[in-house]
Structures are given as C-alpha cells and as structure tokens.
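Novice: Structure in structure tokens, see below.
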Amino acid sequence: MKTQYFQNCHSLQEVKRRYKELALKHHPDRGGDTATMQDINAQYEAILKNPVFAFSQQSEEDQQEFLKYPEIINNLVGLHGLVIELIGNWIWLSGNTYPHRAHLKDVGFYFAPKKLMWYYRPPEYKSSNKSPKSIEAIRNKYGSNKINLKKDSFELKI
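Shown next as structure tokens:
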C-alpha cells in the first residue's frame, strides 16, 4: 500500500499530527468524502505497524533489550548449519543445533522440545498462553524474517 498521505513523515509525532490535519479536512462529518477518509485510515493503520514506529513506542527497557539482538546473533556467526529466524520479538534457531547446544544455552537460548527448535526471548516476553501453537501458526501471526549470516558480523539497522 502506498502511503501518499504520510510520505513525508519521519517520526510518530509527525504521523499523528498529519493524521489529525487530514481527519479535520476529509472527515465526512466535516464535508469530506467517505472513501478518502477510509483510505487515510487504512494508510494510518498500516504506517503505525511499521517496525520503525513500533520500536519508538516501546519502553526504554524494551528498546535496550532489542538492541542486544545483534550481539546475540553475532555469538552465532561461527556456528555452522544453523537457520536463524526472527519471528515477532523472538529469535528462533533450527537446523543442525545439536552440536551447539551448550553454546546456545550459554548465550541464553531455550529449547522448545515440541517444535525441536531453540529460541531467545526478552525476559518479560515469557508466553503465558499454554495452548500449543505450531511454528507455522506463530510465523503467520507475527511474521518471519530469516537472517543471513554470510557476513562476518550482523548489524542492526533502524
């Protein structure tokens, strides 16, 4: 979706300010067009889901925890046969993990026996939902990005 209404906004405050201006101008109760306002609302919701803006809305502690991820991933660079995936706010490992299990525990990963995968999560993100979910269901819900470790180190670009 092209965000024509918010393309020059670089911060969350700018997006909110621009939305308020557009709502005052295009709201049907103020003489605007319903279709235009629906388009503005859809673009506003889409841009708020942008990871850059989601990151800026997190608490300082959550931001600091997230900024540890490159360091954690850099600890995995020399380990061969791993598939690293960022699913939501958790790092998931699959592939040939068995020979590296001691190192993974030292780094802070936990083993999920039903999924046969290792995961890292911030301490406050402990799952309280006891109903089992497949890894596919988790990927579909939160989105998934595979991390390519062909370089010597991993850098987080925000």
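Count the sequence shown with our numbering and you get residues 19 to 176, in order.
Glycine included, each C-beta is placed from N, C-alpha and C at the ideal position.
Taking just the CA atoms, how far does Y23 sit from I102?
Specialist: What you label residue 102 is simply residue 84 of the sequence shown in a count that begins at 1. What you label residue 23 is simply residue 5 of the sequence shown in a count that begins at 1. Cα to Cα, the separation comes out at about 36 Å.
Novice: Are three or more beta carbon pairs between the region 28 to 38 and the region 53 to 70 nearer than 8 Å?
Specialist: Result yes; three or more Cβ-Cβ pairs closer than 8 Å.
Novice: Any heavy atom of the ligand ATP closer than 6 Å to the CB of W136?
Specialist: Ligands displayed in this structure: none; no statement on the ligand ATP is therefore possible.
Novice: Apply the 10 Å Cβ neighbour rule to Q61 and answer buried if 16 or more other Cβ atoms are within range, or exposed otherwise.
Specialist: Counting from 1 along the sequence shown, the entry for residue 61 is found at position 43. The residue is buried, with at least 16 neighbouring Cβ atoms inside 10 Å.
Novice: Measuring CB to CB, does Y143 end up less than 7 Å from N93?
Specialist: In the sequence shown, the residue the question calls residue 143 occupies position 125. In the sequence shown, the residue the question calls residue 93 occupies position 75. Cβ atoms of Y143 and N93: not closer than 7 Å.
Novice: For A130 and Y137, which I take to be in contact (beta-carbon distance under 8 Å), what is that distance rounded to the nearest angstrom?
Specialist: Reading the sequence shown from its first residue, position 112 is the one you call residue 130. Reading the sequence shown from its first residue, position 119 is the one you call residue 137. Indeed they touch by this definition, with Cβ atoms about 6 Å apart.
Novice: Measuring straight from C-alpha to C-alpha, what distance separates G99 and R119?
Specialist: Here residue 99 corresponds to residue number 81 of the sequence shown, with the count starting at 1. Here residue 119 corresponds to residue number 101 of the sequence shown, with the count starting at 1. G99 and R119: Cα-Cα distance of roughly 12 Å.
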